[in-house]
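Trainee:
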Amino acid sequence: MDFALLPAVNAALVSADTLIIPMTTSGLTNTGTALDTASHGQLSATIKAANFEAKVGQTLLVYQLNNVSCPVIMVVGAGDSKELTGRSLQKLCASACKALNNKSQTIYSFLSELSVTDRNNSQVISDIVRATLEASYRFEQFKSKKTDATAKTMTLVVGQELANNSGSHALQWGEALATGLNFARDLGNLPPNVCHPSYLADQAAALAKGQRKLSVEVLGEKDMEKLGMGAFLAVSKGSEQEGKLIVMNYTGGKKGDKPVVLVGKGITFDTGGISIKPAAAMDEMKFDMCGAASVFGVMKGILAAKLPLNVVCVVAAAENMPSGKATRPSDIVTTMSGQTVEILNTDAEGRLVLCDALTYVKKYDPAIVIDIATLTGACVVALGKVVSGLFSPSDSLANDLLQAGQQSNDRVWRMPVLDDYQELLDSPFADMGNIGGPNGGAITAACFLARFTKDYTWAHLDIAGTAWLSGAQKGATGRPVPLLLEYLNSRVAR
Ligand code: BES
Ligand code: MN
Ligand code: ZN
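Residues in the sequence shown are numbered from 4 upward in steps of one, following my numbering.
Okay, here's the thing in structure tokens:
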């Protein structure tokens, strides 16, 4: 879908398939009022007859108003205007999008007439664009019959002031967020027989094609053996698919500026290995590469927005399978850091691939390192599917990420990484075990990673609860791409 900005129009004369206008519980906004006047009260009479309450996300289609050229008017509820937040705006944009029928190819939207309590006018434009593209997402590659295409163009009528530069910048930012997010969803939704480590490596090469500022390097298992990545290899060795460490190096910033490094967990399927998982819902373990997918999505968004930053995205891609070559519970391996790990449970594999990737990235002399991983079921128990778990010994990095989460409506909640938990990882035979027992599982997983990230400022995002939805709406969410892009963008402004 393409977006355009217009300063102002006479709504009654617009020739388009559908006009989208908002309504709060206190009534219609300017354009709605103008259409009502043009139609001699027909619009308000219809709204009244339909008993439309203007609840957030409620929609009403009104056809063939007198003296109005456009045949379909969609009224979208925005609730109490005093309580309208960025989150409700996102929700109502999604409802509007879902209520459009496929005959609507050209749309004029007047939703930016809403004033949103916690968003400024240009943020409202970004929000509308992002939410619309997010809601029009379909994953139909493997369906013989595709649903009809969604609207082609949406013209946002935004007023004189925003139709200039700041508005179009906001529009492009909304598009960059959605492009990154939807790319992450595509990768997450792919079946694991297609999306394996080599497929992800190919995706990185495809992203870099024709991009002067992006270079890609892929390490295979031989390379990792040379580097002493015993923990990563302990996971990948059980699979027929070769494990890959994929590095995407983007140099959009000043030469010599230390990069932000993002490390994504890319387990393209997690059977649990020899500590095999139960059969129920095991299909959802194709989503165990959503950390990696988010890192790809962020890179896609960076390229779309041409962010002037240095960013290194690293993907630790492997498949966790049981086989004659697989790691056994009680095997001891030596990590790239030199520390030894007794692998007590082969299902705690994410931390094993990540710890070596986190040691490897020291060579980039990072300003900040953030890893993103569907790391623990315990995090889902603790936080549910609303917020991602945020773990960081650094208050300032944690606060920056909390703020970016608010800004992007892709929220995180801080959890502790206190030393007091470290003893739970003690092993009688090696420097540490790879599990910390039944209590505080998300925290002990973070504490494990903390042992490998002492040389730089680090945060860990556990997205086990937020990366995908189950049940009827099963599918990857693309989180936390908006959070990370918003965080990176905040570093540009500095
Ligand atoms: N990928 C899983 C975590 C997970 C489980 C995410 C369910 C979302 C839903 C991870 O590799 C795993 O299996 N973790 C174990 C760790 C345990 C063995 C210490 C877990 O959470 O059960
Ligand atoms: Mn696992
Ligand atoms: Zn896993």
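Don't be surprised by glycine CBs; every beta carbon is placed ideally from N, CA and C.
Give me the pocket residues for the ligand FAD, defined as CB within less than 5 Å of any heavy atom, sorted by chain position.
Mentor: Questions concerning the ligand FAD fall outside what the structure shown contains, since the ligands it does hold are the ligand BES, the ligand MN and the ligand ZN.
Trainee: Can you tell me where the alpha helix (DSSP H) holding THR362 begins and where it ends?
Mentor: Start and end: 353 to 363.
Trainee: With C-beta atoms as the reference, is SER391 less than 8 Å away from ASP273?
Mentor: It is not a contact, given that the beta carbons lie outside the stated cut-off.
Trainee: Under the three-state reduction of DSSP, which class applies to HIS199: helix, strand or coil?
Mentor: The answer is coil: DSSP assigns HIS199 none of H, G, I, E or B.
Trainee: In three-state DSSP terms, what is ILE335?
Mentor: Looking at ILE335 - three-state DSSP - the assignment turns out to be strand.
Trainee: Would you list the one or two residues that DSSP bridges to ALA7?
Mentor: Answer is THR158, bridged to ALA7.
Trainee: Which class does ILE466 belong to by DSSP, given the choice of helix, strand or coil?
Mentor: In this structure, ILE466 counts as coil in the three-state DSSP scheme.
Trainee: So what's LYS240 in DSSP terms, helix, strand or just coil?
Mentor: Coil.
Trainee: Would you identify the three-state DSSP class for SER169, choosing helix, strand or coil?
Mentor: It is helical.
Trainee: Would you say the beta carbon of THR330 comes nearer than 7 Å to a heavy atom of the ligand BES?
Mentor: False, no ligand heavy atom lies under 7 Å from that Cβ.
Trainee: Have a look at ALA154 and ALA370 and give me their C-alpha separation to the nearest angstrom.
Mentor: Distance between the alpha carbons of ALA154 and ALA370 is about 42 Å.
Trainee: Among residues of its own chain, excluding the 5 on either side of MET157, which ones have a beta-carbon nearer than 7 Å to its beta-carbon?
Mentor: Contacts found: MET4, PHE6, ILE110, SER112 and THR135.
Trainee: Skipping 5 residues on each side, what residues in its chain have a beta carbon closer than 7 Å to that of SER139?
Mentor: Counting only Cβ-Cβ distances below 7 Å, and skipping sequence neighbours, we find MET4, CYS100 and THR153.
Trainee: Going by the beta-carbon positions, is the gap between ALA462 and LEU421 smaller than 8 Å?
Mentor: No.
Trainee: Between the Cα of VAL344 and the Cα atoms of LYS261, PRO483, VAL298 and LEU236, which residue gives the shortest distance?
Mentor: Closest option to VAL344, Cα to Cα, is LEU236.
Trainee: Give every residue of the same chain whose Cβ lies closer than 6 Å to the Cβ of THR330, excluding the five residues on either side of it in the sequence, and list them in chain order.
Mentor: So the qualifying residues of the chain are ALA237, ILE346 and THR349.
Trainee: Here's the rule I'm using: 16 or more other beta-carbon atoms within 10 Å means buried, otherwise exposed. How should VAL384 be labelled?
Mentor: Exposed is the call here.
Trainee: So, under 8 Å CB-CB, ALA448 and THR379 are touching, yes? Tell me the CB distance rounded to an integer number of Å.
Mentor: About 5 Å; that satisfies the 8 Å criterion.
Trainee: Please classify GLN67 as buried or exposed, where buried requires at least 16 neighbouring CB atoms within 10 angstroms.
Mentor: GLN67 comes out exposed.
Trainee: How many angstroms separate the CA atom of SER201 from the CA atom of MET288?
Mentor: SER201 and MET288: Cα-Cα distance of roughly 18 Å.
Trainee: Look up PRO3 in the DSSP assignment and say whether it is helix, strand or coil.
Mentor: Outside the shown range of the chain, which is 4 to 497, sits residue 3, and nothing can be said about it.
Trainee: In chain order, what residues of the same chain have a beta carbon less than 7 Å from the beta carbon of SER72, not counting five sequence neighbours either side?
Mentor: So the qualifying residues of the chain are ALA15, LEU16, VAL17 and SER18.
Trainee: Residues in the same chain with beta-carbon distance under 7 Å from THR34, minus the five sequence neighbours each way, listed in chain order, please.
Mentor: So the list reads ALA14, ILE24, PHE113 and GLU116, once near-sequence residues are dropped.
Trainee: Should GLY275 be counted as a contact of the ligand MN given a C-beta to heavy atom distance under 7 Å?
Mentor: Yes - the ligand MN has a heavy atom lying nearer than 7 Å to the Cβ of GLY275.
Trainee: Along the chain, where does the alpha helix (DSSP H) containing LEU386 start, and where does it finish?
Mentor: From DSSP, the alpha helix (DSSP H) with LEU386 extends over 380 to 386.
Trainee: Quick check on the DSSP output: the alpha helix (DSSP H) that includes PHE451 runs from which residue to which?
Mentor: That run of the alpha helix (DSSP H) goes 444 to 453.
Trainee: Residues in the same chain with beta-carbon distance under 7 Å from VAL59, minus the five sequence neighbours each way, listed in chain order, please.
Mentor: Excluding residues within five positions, the ones whose Cβ falls inside 7 Å are GLY80, ALA81, GLY82, SER91, LYS94 and LEU95.
Trainee: Take every Cβ of the segment 45 to 65, pair it with every Cβ of the segment 144 to 152, and state whether three or more of those distances are shorter than 8 Å.
Mentor: No contact exists between the segment 45 to 65 and the segment 144 to 152.
Trainee: Please name the residue, chosen from ILE249, GLN144 and GLY233, that lies closest to MET339 on a Cα-to-Cα basis.
Mentor: Of the candidates ILE249, GLN144 and GLY233, the one whose C-alpha sits nearest the C-alpha of MET339 is GLY233.
Trainee: Could you pull out every residue in the same chain whose Cβ sits closer than 8 Å to the Cβ of VAL389, ignoring the five residues on either side in sequence?
Mentor: For VAL389, where only same-chain residues beyond five positions count, the Cβ hits under 8 Å are ARG414, GLY468 and THR469.
Trainee: According to the neighbour-count rule (16 or more other Cβ atoms, all chains shown, within 10 Å of its Cβ), is GLN163 buried or exposed?
Mentor: So GLN163 ends up on the exposed side.
Trainee: Heavy atom of the ligand MN less than 7 Å from the Cβ of ASP350, yes or no?
Mentor: Indeed, a heavy atom of the ligand MN lies less than 7 Å from the Cβ.
Trainee: Counting Cβ pairs closer than 8 Å, one from the segment 210 to 218 and one from the segment 162 to 180, do we hit at least three?
Mentor: Short answer: they don't touch.
Trainee: Using a threshold of 7 Å, is the CB atom of MET232 nearer than that to any non-hydrogen atom of the ligand BES?
Mentor: No; taking the cut-off as 7 Å, the Cβ of MET232 has no heavy atom of the ligand BES nearer than that.
Trainee: List in chain order: all unbroken beta strand (DSSP E) runs of 3+ residues lying wholly within the segment 204 to 229.
Mentor: For the segment 204 to 229, whole beta strand (DSSP E) runs of length 3 or above, ordered along the chain, are 217 to 222.
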